[in-house]
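Here is the structure we will look at.
Protein chains in written order, with the working numbering: chain H, 1 to 386; chain R, 1001 to 1386.
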């Protein structure tokens, strides 16, 4: 079993870059937030990965980087984090709000004193969408006169373009997801529940090197498959139902998802029409993508093409979203996305069509290159009738 | 396969109670937050369970209850939620911050207009520890003159005492966790990695009725086992190492964890001494608990007893924490916990001892009764040498 691990040299490169960006931005200290479901910012800079408690990472203009953890994670963090400066702060505790009356903890005043030194004037926050009010308030209390600004862009811009190591981890993550996809298709039968198939998928992921699921697996059958976002349940897979599989491994912090619509038995003609239309749009989307193309153009073409082939009313959202540590990252590709695709950006091409009775999704990862995209997955791109 | 589901009558009871508490508290509307990792408040009142996006639940003094979701979760929420009033609000979107330029969404002004009517004067927030700044700001913007107060206690107090249905779901959850524990012990070998054993555990959980993991599984071997909070990795289980298993299923939203220290081969004498001391303290803790006992007394006895038997320096935190939807819930049992145990409170008796080389945890669920506690798990309470 290969042990997937980002080399120290890659972290060193990230640290140098993030300090440079903090200085350019004119902030004294950047504080980024992560939690168990959304671990990316902290993992990206420290390799630490919160569970039960939340976590933060602080980067000062002096060039210091520190991991911020809750009261119980110290031994784990000491072994796991590449950043050796660690503060234990109450506000990163579990949501059950234990008080740890006999523990001596750090606070943001100490962080600012040691990492900034002089009076803190400007604080940048990242992971703003998940930034908890208690952490925000503790920061304000420790530096009441400081200006606080949203600074997601620093880490987002760094994370958008993938390094060779990151691309390798993504490839491995997709490779493992496809092994689990094949195992799922081999194992499924009409009497099995959605959740039982999830168990088979999870076993295959961990057996083949995943460190965790890239996302909770989708095994959504029949009407459940029209949930753009959904959870598997106790329904039997049955015969003739559209069964949507989205299978995702995570490797060294990099997540993937491979999406295929499957049927036990024959697909109905309407099902087949939409499944084939989805596959057509999925392939077209990949053809439209290459470095230099404006993201909004791909999204507009996607919706126009959908109208043209008669599935306009079956579409819910744009054709792609960013991919990296989280299976859904910035940037999204929407009709108002005014950025240009660049080499080594990675996307999930995520072609979701739905109607009242079912939904279906073709999903694969791609790397943007000069002349097009390089696929990160692509097995079983066909009508799958088991 | 049994389909685990909380009956509608139970939700009706919860809705009546929460509206009564909102009125008593003198707030116009309560807004509770959940996310993928910490789903409890929303699940408790709606049965909906966020994934990728976050979610909220609003309860007004008029008696209205609404589910608040992100832009992509509508079809899922319509099928899943017991509450039929649903608002789609941008601030509950994914952390990748898609903008959904072509979607018409709701906002908090609409929520307040429809659910409160008159001018909103007092807003209560729950799930404060995970309440995201953007949701908080959107609420303030929609009701700039309203007073905003932390109101976690309303739902916490309701959730602390378990109903018969809740106890049944917890029992099922532990039953499934123990099946997976036995499967893990039967399957483990020294060449297997921690993560490969996680895969076997996950398969057993889903195969036997779990809807998800109660928490990410712990398979922590050797030095990794001294992480009070930790993540499994690529280390082989090996021979003679302490291997800490914590296995948790989730059923109808109710989570469990069964913790056992295991060794492939013979435990060393120091390992055996600490494992036996932990088991002794674990059993004693259960003996000290019954309705009417002050929580701090149990915690104080725990630390005193640890000193007495020579493991005082091996303890990190108090003897129990609340159990319910989350595997770690309020209330914790600490030396400053000034509440009294009540009938049908549920706890994880969580006896964690650690030293430099390893850590170990005996963990079982219990229900507080008049004369003691009723165990929710208890298989393999012995020295486990495979």
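No residue lacks a Cβ here, since even glycine has one placed at the ideal position from N, Cα and C. Being a predicted model, the structure only gives us computed values, none of them experimental.
Suppose you measure from the CA of residue i to the CA of residue j; what does that come to, to the nearest Å?
{"i": "residue 342 of chain H", "j": "residue 354 of chain H", "result": "31 Å"}
{"i": "residue 1383 of chain R", "j": "residue 1329 of chain R", "result": "29 Å"}
{"i": "residue 321 of chain H", "j": "residue 256 of chain H", "result": "12 Å"}
{"i": "residue 82 of chain H", "j": "residue 97 of chain H", "result": "28 Å"}
{"i": "residue 259 of chain H", "j": "residue 173 of chain H", "result": "14 Å"}
{"i": "residue 1135 of chain R", "j": "residue 1112 of chain R", "result": "14 Å"}
{"i": "residue 17 of chain H", "j": "residue 350 of chain H", "result": "31 Å"}
{"i": "residue 1069 of chain R", "j": "residue 1035 of chain R", "result": "11 Å"}
{"i": "residue 1246 of chain R", "j": "residue 1206 of chain R", "result": "16 Å"}
{"i": "residue 216 of chain H", "j": "residue 231 of chain H", "result": "8 Å"}
{"i": "residue 291 of chain H", "j": "residue 1109 of chain R", "result": "42 Å"}
{"i": "residue 52 of chain H", "j": "residue 94 of chain H", "result": "6 Å"}
{"i": "residue 195 of chain H", "j": "residue 1200 of chain R", "result": "15 Å"}
{"i": "residue 1171 of chain R", "j": "residue 1239 of chain R", "result": "33 Å"}
{"i": "residue 1236 of chain R", "j": "residue 347 of chain H", "result": "34 Å"}
{"i": "residue 1327 of chain R", "j": "residue 1118 of chain R", "result": "39 Å"}
{"i": "residue 140 of chain H", "j": "residue 121 of chain H", "result": "11 Å"}
{"i": "residue 314 of chain H", "j": "residue 369 of chain H", "result": "30 Å"}
{"i": "residue 254 of chain H", "j": "residue 131 of chain H", "result": "22 Å"}
{"i": "residue 65 of chain H", "j": "residue 14 of chain H", "result": "11 Å"}
{"i": "residue 213 of chain H", "j": "residue 250 of chain H", "result": "5 Å"}
{"i": "residue 311 of chain H", "j": "residue 1102 of chain R", "result": "17 Å"}
{"i": "residue 1156 of chain R", "j": "residue 1020 of chain R", "result": "15 Å"}
{"i": "residue 1180 of chain R", "j": "residue 277 of chain H", "result": "42 Å"}
Does the beta carbon of residue i fall short of 7 Å from some heavy atom of the ligand HEM?
{"i": "residue 1067 of chain R", "result": "The ligand HEM is not part of the structure shown, which contains no ligands of any sort."}
So the beta strand (DSSP E) residue i belongs to, where does it begin and stop?
{"i": "residue 1076 of chain R", "result": "Segment 1074 to 1080 is the alpha helix (DSSP H) holding residue 1076 of chain R; no beta strand (DSSP E) there."}
{"i": "residue 201 of chain H", "result": "Counting along the chain, residue 201 of chain H falls outside any beta strand (DSSP E), though it belongs to the alpha helix (DSSP H) covering 194 to 207."}
{"i": "residue 109 of chain H", "result": "Premise fails: residue 109 of chain H lies in the alpha helix (DSSP H), 108 to 115, not in any beta strand (DSSP E)."}
{"i": "residue 220 of chain H", "result": "218 to 221"}
Kindly indicate the opening and closing residues of the alpha helix (DSSP H) around residue i.
{"i": "residue 271 of chain H", "result": "269 to 288"}
{"i": "residue 173 of chain H", "result": "164 to 187"}
{"i": "residue 1372 of chain R", "result": "Unbroken run through residue 1372 of chain R is the beta strand (DSSP E), 1372 to 1375; no alpha helix (DSSP H)."}
{"i": "residue 18 of chain H", "result": "8 to 25"}
{"i": "residue 1094 of chain R", "result": "Careful: residue 1094 of chain R lies outside any alpha helix (DSSP H) and carries neither H nor E."}
{"i": "residue 1040 of chain R", "result": "1040 to 1046"}
Who does residue i pair with in a DSSP beta bridge?
{"i": "residue 1361 of chain R", "result": "R:1352"}
{"i": "residue 1088 of chain R", "result": "R:1069"}
{"i": "residue 132 of chain H", "result": "R:1132"}
{"i": "residue 149 of chain H", "result": "H:124"}
{"i": "residue 1332 of chain R", "result": "R:1321"}
{"i": "residue 1236 of chain R", "result": "R:1193"}
{"i": "residue 256 of chain H", "result": "According to DSSP, residue 256 of chain H bridges with nothing at all."}
{"i": "residue 345 of chain H", "result": "H:161"}
{"i": "residue 1060 of chain R", "result": "R:1029"}
{"i": "residue 249 of chain H", "result": "H:213"}
{"i": "residue 154 of chain H", "result": "Residue 154 of chain H is not bridged to any residue."}
{"i": "residue 384 of chain H", "result": "H:262"}
{"i": "residue 1340 of chain R", "result": "R:1294"}
{"i": "residue 243 of chain H", "result": "H:221 and H:262"}
{"i": "residue 1055 of chain R", "result": "R:1034 and R:1069"}
{"i": "residue 1326 of chain R", "result": "DSSP lists no partner for residue 1326 of chain R."}
{"i": "residue 369 of chain H", "result": "H:372"}
{"i": "residue 315 of chain H", "result": "H:353"}
Within the 8 Å Cβ cut-off, does residue i reach chain B?
{"i": "residue 1008 of chain R", "result": "Chain labels in this structure do not include chain B; the protein chains are H and R."}
TODO: Pair every Cβ in the stretch 1002 to 1020 of chain R with every Cβ in the stretch 182 to 192 of chain H, then say whether three or more of these pairs are closer than 8 Å.
DONE: No, because fewer than three Cβ pairs between the stretch 1002 to 1020 of chain R and the stretch 182 to 192 of chain H fall closer than 8 Å, the two stretches do not touch.
Open item on the list: Any C-beta of chain R within less than 7 Å: which residues of the stretch 19 to 42 of chain H qualify?
Closed with: Residues are counted here when their Cβ sits less than 7 Å from a Cβ of chain R; for the stretch 19 to 42 of chain H these are 35, 36, 37 and 38, given in chain order.
TODO: Below 9 Å between beta carbons is the criterion; list the residues of the stretch 116 to 134 of chain H that meet it against any residue of chain R, in chain order.
DONE: Answer in chain order: 125, 127, 128, 129, 130, 131, 132, 133 and 134.
Open item on the list: Beta carbons nearer than 7 Å to chain H: which residues of the stretch 1187 to 1198 of chain R have them?
Closed with: Of all residues in the stretch 1187 to 1198 of chain R, the ones placed with a Cβ closer than 7 Å to any Cβ belonging to chain H are 1193, 1195, 1196 and 1198, in chain order.
Task: Segment contact flag, the stretch 1072 to 1088 of chain R with the stretch 301 to 308 of chain H, C-beta cutoff 8 Å, min 3 pairs - done: When C-beta atoms of the stretch 1072 to 1088 of chain R are compared with those of the stretch 301 to 308 of chain H, fewer than three pairs fall below 8 Å, so the two segments do not count as touching.
Task: Segment contact, 8 Å Cβ cut-off, at least three pairs: the stretch 1143 to 1156 of chain R with the stretch 1176 to 1187 of chain R - done: With a cut-off of 8 Å, the stretch 1176 to 1187 of chain R and the stretch 1143 to 1156 of chain R do not count as touching, because too few Cβ pairs lie within range.
Task: Three-pair Cβ contact test at 8 Å for the stretch 1123 to 1138 of chain R versus the stretch 38 to 50 of chain H - done: By the criterion of at least three beta-carbon pairs nearer than 8 Å, the stretch 1123 to 1138 of chain R is not in contact with the stretch 38 to 50 of chain H.
Open item on the list: For the pair the stretch 1057 to 1068 of chain R and the stretch 53 to 68 of chain H, tell me if three or more CB-CB distances fall below 8 Å.
Closed with: With fewer than three CB-CB distances shorter than 8 Å, the stretch 1057 to 1068 of chain R does not count as touching the stretch 53 to 68 of chain H.
Open item on the list: If contact is defined by three or more beta carbon pairs under 8 Å, each pair taking one atom from either stretch, is the stretch 359 to 375 of chain H in contact with the stretch 276 to 289 of chain H?
Closed with: With the rule of 3 Cβ pairs closer than 8 Å, the stretch 276 to 289 of chain H counts as touching the stretch 359 to 375 of chain H.
Open item on the list: Along the stretch 1099 to 1111 of chain R, where does the CB come closer than 9 Å to a CB of chain H? Name the residues.
Closed with: Result list: 1099, 1100, 1101, 1102 and 1103.
TODO: Scan the stretch 84 to 99 of chain H for residues whose Cβ lies nearer than 7 Å to a Cβ of chain R and list them as they occur along the chain.
DONE: Residues are counted here when their Cβ sits less than 7 Å from a Cβ of chain R; for the stretch 84 to 99 of chain H these are 94, 95, 96, 97, 98 and 99, given in chain order.
Task: Residues of the stretch 48 to 60 of chain H with Cβ closer than 9 Å to any Cβ of chain R, in chain order - done: Of all residues in the stretch 48 to 60 of chain H, 49, 50, 51, 52, 53 and 54 have a Cβ within less than 9 Å of some Cβ in chain R.
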